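Numbering (my numbering), first residue to last: 1 to 305. Read through the structure below, which is laid out as structure tokens, and then see the notes.
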Amino acid sequence: MNRTFLYLLFFVLPTVGRAQYKMTAQEYIDTYKYMAIRSMEEYGIPASITLAQGLLESGNGGSQLAVEGNNHFGIKCKGSWTGARIYEDDDEVGECFRKYRNAEQSYRDHSKFLTESPRYADLFKLDITDYKGWAYGLKAAGYATNPKYPQLLIDLIERNRLYQLDRPNNGGGRAGGLLARRESRRELNEPLDPKHTVESNNGVRYIVTQEGESFASVAAQYDMTVKRLLKINDLKNSFPLAEGTALYIEPKRNKSATTAIHTIESGDSYHSVSQQYGIKLKKLQKMNPVTRRFPPRVGQQLRLR
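Right, dumping it as structure tokens:
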């Protein structure tokens, strides 16, 4: 093996390998903005903030954490993390960071990290377009130790006009359109104009969807996140809504107020029964332990109270 080949193998090729991860800020934005918009729809975090944090924390996707661990937000393991790990020097030598299968998993975990921690709760009281409030709020809540962290985020947002993603008809796509009506109503200090007749079942309010509606549009109308709407209806993921779907807009009850027993009919599922009677699925399962082990069968009786 000659010296020229050895030089290429050990010095040139690794450099070429690293170069493929080098993105410009605009390339990063174009690649990941839809993940940021989805986080805004589902969790209520401004897309501008999510993207600015991704840009800053990952160095436009080129940091070691992003390249080797798909960690775009510098989120450390902490005590609750049970997934894969990657180690890197930060405030201390060899700190533990979360490692993900892909960037999408990183973006989703970032949203959950903010929504599930009580110290960030006050941020969700801010307007969705108040990126400056979010930037300073993240620092105040302890997300980063850099005293310039808020201004770094704000500079990225304003330099790249990321605030357009939080607003209607300016690159925000579906999320921007859904948020437009909410924000304009707030400016006018008017309530949202409901599209549905709100009905009640088991003392719980629900609506019936109309043609062309989605979880995001229903959530926006009732001033909640998609995540909240899904949780109320015991659903893990959104899907195309068929016209005539009943959706609760407040938490279901622990038991039925009027009916003691339901007999399973053809087409029933445990979830459909919980929706039919306005009972939380977990409470239905607790009253009927067999539901955790076996699918429903015609003629099977379920306790409802």
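Even glycine gets a Cβ: it sits at the ideal position worked out from N, Cα and C. Note that the coordinates shown come from a computational prediction; the quantities given were computed from them, not determined experimentally.
(request) Mind checking which residues open and close the beta strand (DSSP E) that includes L327? (result) It is not possible to answer for residue 327, since the shown part of the chain is limited to 1 through 305.
(request) Starting from R306, trace the beta strand (DSSP E) both ways and give me its first and last residue. (result) This structure gives no information on residue 306, because the portion of the chain shown stretches from 1 to 305.
(request) Please state if the CB of K286 and the CB of E42 are separated by a distance shorter than 8 angstroms. (result) No.
(message) Tell me the residue span of the beta strand (DSSP E) that contains V298.
(response) Neither: V298 is in no beta strand (DSSP E) and is coded neither H nor E.
(message) For I37, report the span of its alpha helix (DSSP H) as first-last.
(response) Segment 25 to 43, the alpha helix (DSSP H) holding I37.
(request) Round the Cβ separation of E243 and Q210 to the nearest angstrom and send it over; I've been treating them as touching at under 8 angstroms. (result) Indeed they touch by this definition, with Cβ atoms about 6 angstroms apart.
(message) Which of the three DSSP states is assigned to I154 in this structure?
(response) In this structure, I154 counts as helix in the three-state DSSP scheme.
(message) Considering only the alpha carbon of each residue, which of L65, K112, S274, Q276 lies closest to Y89?
(response) Note that residue 89 corresponds to Asp in the displayed sequence, not to Tyr. Just measuring C-alpha positions, the residue of L65, K112, S274, Q276 sitting nearest D89 is L65.
(message) Under 8 angstroms: do the segment 126 to 138 and the segment 28 to 38 share three or more Cβ pairs, one atom per stretch?
(response) Segment contact: the segment 126 to 138 against the segment 28 to 38, fewer than three CB-CB distances shorter than 8 angstroms; contact not assigned.
(request) For the alpha helix (DSSP H) holding Y87, just list the boundary residues, first then last. (result) Here Y87 belongs to no alpha helix (DSSP H); instead the beta strand (DSSP E) covers 85 to 88.
(request) Count the other C-beta atoms from every protein chain shown that fall within 10 angstroms of the C-beta of P14, then say buried if there are 16 or more, exposed otherwise. (result) Confidence in P14 is poor, its pLDDT being 38 and thus under 50, which makes the residue's placement unreliable; the coordinate value appears in the next sentence. Classification for P14: exposed.
(message) Considering only their Cβ atoms, is the gap separating Y163 from S274 smaller than 8 angstroms?
(response) Between S274 and Y163, the C-beta spacing is not below 8 angstroms.
(message) Taking only three categories from DSSP, how would you classify S200?
(response) Residue state for S200 is assigned as strand, using DSSP reduced to three classes.
(request) Please list, in chain order, all residues of the same chain as R205 whose beta carbon is under 6 angstroms from its beta carbon, the five residues on each side excluded. (result) For R205, where only same-chain residues beyond five positions count, the Cβ hits under 6 angstroms are V198, I249, E250.
(request) In the DSSP assignment, find the unbroken beta strand (DSSP E) run with E95 in it and report its ends. (result) For E95, the enclosing beta strand (DSSP E) stretches over residues 95 to 98.
(message) From the DSSP secondary-structure annotation, give me the bridge partner or partners of H262.
(response) When beta bridges are read from the DSSP output, H262 appears opposite L302.
(request) Let me know if K99 comes out buried or exposed under the rule of 16 or more other beta-carbons within 10 Å of its beta-carbon. (result) Under this definition K99 is a buried residue.
(request) Report, in whole angstroms, the separation of the C-beta atoms of S39 and T24, which I expect to be a contact under 8 angstroms. (result) So it is not a contact: roughly 22 angstroms between Cβ atoms.
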